[in-house]
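> If you scroll down you'll find the structure; I have some questions about it.
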Amino acid sequence: MKRTPTPEEREREAKKLRLLEELEDTWLPYLTPKDDEFYQQWQLKYPKLVLREAGSMPEELHKEVQDAFLTLHKHGCLFRDLVRIQGKDLLTPVSRILIGNPGCTYKYLNTRLFTVPWPVKGSHAKYNEAEIAAACQTFLRLNDYLQIETIQAWEEFAAKEKANIIDAVPVCIGPDFPRVGMGSFDGPDEVDIKNRSAYNVTLLNFMDPQKMPYLKEEPYFGMGKMAVSWHHDENLVERSAVAVYSYSFEGPEDESEDGPQLEGRDPDIWHVGFKISWDIETPGLAIPLHQGDCYFMLDDLNATHQHCVLAGLPPRFSSTHRVAECSTGTLGYISQRCHLALENVRDEADSGDVALRSLEPAVLKQGEEIHNEVEFEWLRQFWFQGNRYRKCTDWWCEPMARLEGLWKKLEFATNAVLREVRREGVPVEERAEIVTAVLAALTTRQTLRREWHARCQSRIARTLPEDQKPECRPYWEKDDPSMPLPFDLTDVVSELRGLLLETKA
14 MKRTPTPEER
24 EREAKKLRLL
34 EELEDTWLPY
44 LTPKDDEFYQ
54 QWQLKYPKLV
64 LREAGSMPEE
74 LHKEVQDAFL
84 TLHKHGCLFR
94 DLVRIQGKDL
104 LTPVSRILIG
114 NPGCTYKYLN
124 TRLFTVPWPV
134 KGSHAKYNEA
144 EIAAACQTFL
154 RLNDYLQIET
164 IQAWEEFAAK
174 EKANIIDAVP
184 VCIGPDFPRV
194 GMGSFDGPDE
204 VDIKNRSAYN
214 VTLLNFMDPQ
224 KMPYLKEEPY
234 FGMGKMAVSW
244 HHDENLVERS
254 AVAVYSYSFE
264 GPEDESEDGP
274 QLEGRDPDIW
284 HVGFKISWDI
294 ETPGLAIPLH
304 QGDCYFMLDD
314 LNATHQHCVL
324 AGLPPRFSST
334 HRVAECSTGT
344 LGYISQRCHL
354 ALENVRDEAD
364 SGDVALRSLE
374 PAVLKQGEEI
384 HNEVEFEWLR
394 QFWFQGNRYR
404 KCTDWWCEPM
414 ARLEGLWKKL
424 EFATNAVLRE
434 VRREGVPVEE
444 RAEIVTAVLA
454 ALTTRQTLRR
464 EWHARCQSRI
474 ARTLPEDQKP
484 ECRPYWEKDD
494 PSMPLPFDLT
504 DVVSELRGLL
514 LETKA
């Protein structure tokens, strides 16, 4: 079933088409470090982008992080995501795993990823292998290091701004490179800086370009093959920083100064590209990324600019540390929401049937919306990814079982609402109010169930390995005695629409 694009998706696609029409057959200009004006342009137009060259990080930490990448890859812990873009399911060219605070999630491209927990105090996470546990510990250590580096970059930024110092080059720090300032910035206080640098997850990425039969060409500047297309990072705390550690399998002489000078970026080297969103006047930047380099996006850079990852020849890992916006994305949040909805359940029989405390339309509407939220934002998202999380840890098994139990009680609560609207003697006006309160949520539930079921049966889903194949869960047959309502709500929705028409007759 084809999903209707959201207004934001339609607007984004329209902007992209307009931009491509304006370009016609020409490329926009972009700069690399070989260009004389590269650093000046970086300073003027990309002042909140910071690069830390590999030599500025302790060698011991480099080795631990790079070994951790290889360990997770060896144990098969990184997976390509089956994401939803403009109503189509696509398999990402990049393999990923989310590591972070226990119970956190991160959503991108309509896909919710669930953290493999790093061992913070009190997490009690159990890992399938000691090596996986050690790798998660390493990424927590890297997270702590990058958080300190980020805060330092913010503070240098604020100090330079306060002193009204504008340097000729951006923050780009190598082992012998002096720390220098950046451009205009609104100067958050110390607490705000720490909050905007408090990375709670890292999204690890891996891609081997030699094993990808097709990669998209960068469409605006002619920068070459892209591993990740132009985008803003989603689902982040507003104006929070992003830190990225890059590790590509490079030899000691990847970029020889004696070799032929290519026009534009070297296609053998991985780069990160930056551009101002929807701007055709300002040159883009293509910044080479060598083994162990880190870059930071500070303040509103992620909102005002877009970035892409340009593929080189060797395989590459990255660890992208973020302040995920988790107000509606933690296990604790969704558990509380379920319990809030179930406060309206008064009595529960052995059969599972329930009585409701209140038939107030606002209470019923809230209950059905929470019912949809736990089903489509949590249960179906989790099981659509198959059993991948068991590769690393069983941390999510018990919480998802509990959520499914709460969801099933909500099915019985919905059935109690339907019993009430079908009951003889209910005043016409009261029946109309109840139906109106729940009809939209049930209509959405039927539409989304049909969509998720179709996604699980799609051709691309069937090509995935067994442990990654989507599972349509919860799912049950029509005559399942343990369930009060059918999976397919077509008849229920039609009945409610008919009752509503009767009340208006």
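Each number in our numbering comes from the position in the sequence shown (counting from 1) with 13 added on. Backbone N, C-alpha and C fix where the C-beta goes; we use that ideal spot for every residue, glycine too.
Using the rule of at least 16 other Cβ atoms within 10 Å of the residue's Cβ for burial, across every protein chain shown, is N400 buried or exposed?
Locating residue 400 in the sequence shown gives position 387, where the first residue counts as 1. Exposed: under 16 other Cβ atoms inside 10 Å.
> Inspect the beta-carbon positions of P497 and N385 and report whether they are closer than 7 Å.
The sequence position of residue 497 within the sequence shown is 484, counting from 1. The sequence position of residue 385 within the sequence shown is 372, counting from 1. Contact: no.
> Cβ of W408 within 7 Å of Cβ of P132?
For the purposes of this step, residue 408 is taken as the residue at position 395 of the sequence shown. For the purposes of this step, residue 132 is taken as the residue at position 119 of the sequence shown. No, these two residues do not count as a Cβ contact at 7 Å.
> Do V250 and E338 count as a contact pair if the criterion is CB distance below 7 Å?
As a first step, residue 338 must be located in the sequence shown, where it is residue number 325. As a first step, residue 250 must be located in the sequence shown, where it is residue number 237. Cβ atoms of E338 and V250: closer than 7 Å.
> Could you pull out every unbroken alpha helix (DSSP H) segment of at least 4 residues lying fully inside the segment 133-177, listed in chain order?
Whole alpha helix (DSSP H) segments, 4+ residues: 143-175.
> To the nearest angstrom, report how far apart N218 and R444 are at their CA atoms.
By one-based count along the sequence shown, residue 218 stands at place 205. By one-based count along the sequence shown, residue 444 stands at place 431. Roughly 53 Å separates the two Cα atoms.
> Helix, strand or coil, according to DSSP, for K229 in the structure here?
As a working note, residue 229 is residue 216 in the sequence shown. K229: coil per DSSP, three-state reduction.
> Taking just the CA atoms, how far does L419 sit from C351?
To locate residue 351, count along the sequence shown from 1; it is residue 338. To locate residue 419, count along the sequence shown from 1; it is residue 406. In a straight line, the C-alpha of C351 is about 7 Å away from that of L419.
> Mind reading off the beta-carbon distance from I380 to A453? Whole number of angstroms is fine, and I expect it under 8 Å.
Counting from one through the sequence shown, the residue named residue 380 turns up at place 367. Counting from one through the sequence shown, the residue named residue 453 turns up at place 440. The sequence shown places Gly at residue 380, rather than the Ile named in the question. Not really, about 13 Å apart at Cβ, beyond 8 Å.
> What are the complete alpha helix (DSSP H) segments, minimum 4 residues, inside the segment 388-429?
Here the runs fully enclosed are 393-397.
> Just curious, the alpha helix (DSSP H) that K207 is in, first and last residue?
The residue labelled residue 207 in the question sits at position 194 within the sequence shown. 203-209 is the extent of the alpha helix (DSSP H) around K207.
> Return the CA-CA distance between A432 and S290, expressed in angstroms with no decimal places.
The residue you call residue 432 lines up with position 419 of the sequence shown. The residue you call residue 290 lines up with position 277 of the sequence shown. Contrary to the premise, residue 432 reads as Arg rather than Ala in this sequence. Between R432 and S290, the C-alpha separation is close to 53 Å.
> Confirm, please, whether the CB-CB distance from A138 to A81 is below 7 Å.
Counting from 1 along the sequence shown, the entry for residue 81 is found at position 68. Counting from 1 along the sequence shown, the entry for residue 138 is found at position 125. No.
> Which one or two residues does DSSP pair with T341 in a beta bridge?
Indexing the sequence shown from 1 puts residue 341 at position 328. None, per the DSSP bridge assignment.
> In chain order, what residues of the same chain lie with their CB nearer than 7 Å to the CB of L344, ignoring the 5 residues before and after it?
The sequence position of residue 344 within the sequence shown is 331, counting from 1. The answer, listed in chain order, is G116, P412.
> Start and end of the beta strand (DSSP E) containing C469?
On the sequence shown, residue 469 is found 456 positions in, with the first residue counted as 1. Premise fails: C469 lies in the alpha helix (DSSP H), 441-469, not in any beta strand (DSSP E).
> Who are the Cβ neighbours of S197 in its own chain at under 6 Å, not counting the five residues just before and after it?
By 1-based counting over the sequence shown, the position of residue 197 is 184. Low confidence applies to S197: its pLDDT is 44, below 50, so where it sits in the model is not reliable, and the reading given next is rough at best. Correct list: empty, nothing qualifies.
> Does the segment 320-329 come close enough to the segment 278-285 to have 3 or more Cβ pairs within less than 8 Å?
Yes: at least three Cβ pairs fall under 8 Å.
> Would you tell me roughly how many angstroms separate the C-alpha atoms of F389 and E508, rounded to the nearest one?
Taking the first residue of the sequence shown as position 1, residue 389 is located at position 376. Taking the first residue of the sequence shown as position 1, residue 508 is located at position 495. Rounded to whole angstroms, F389 to E508 spans 23 Å at the Cα level.
> Exposed or buried, what is P20 when buried is set at 16 or more other beta-carbons lying within 10 Å of its beta-carbon?
Here residue 20 refers to the residue found at position 7 when the sequence shown is read from its first residue. By the neighbour-count rule (16 or more Cβ atoms within 10 Å), P20 is not buried but exposed.
> Just confirm the distance between the C-beta atoms of V63 and L311, as a whole number of angstroms; I'd bet it's less than 8 Å.
To locate residue 63, count along the sequence shown from 1; it is residue 50. To locate residue 311, count along the sequence shown from 1; it is residue 298. V63 to L311, Cβ: 6 Å. Contact.
> In chain order, which alpha helix (DSSP H) runs of at least 4 residues are fully inside the segment 276-346?
Complete alpha helix (DSSP H) runs here, min 4: 314-317.
> I need the boundaries of the alpha helix (DSSP H) containing S507, first residue and last residue.
The sequence position of residue 507 within the sequence shown is 494, counting from 1. First-last of the alpha helix (DSSP H) with S507: 503-517.
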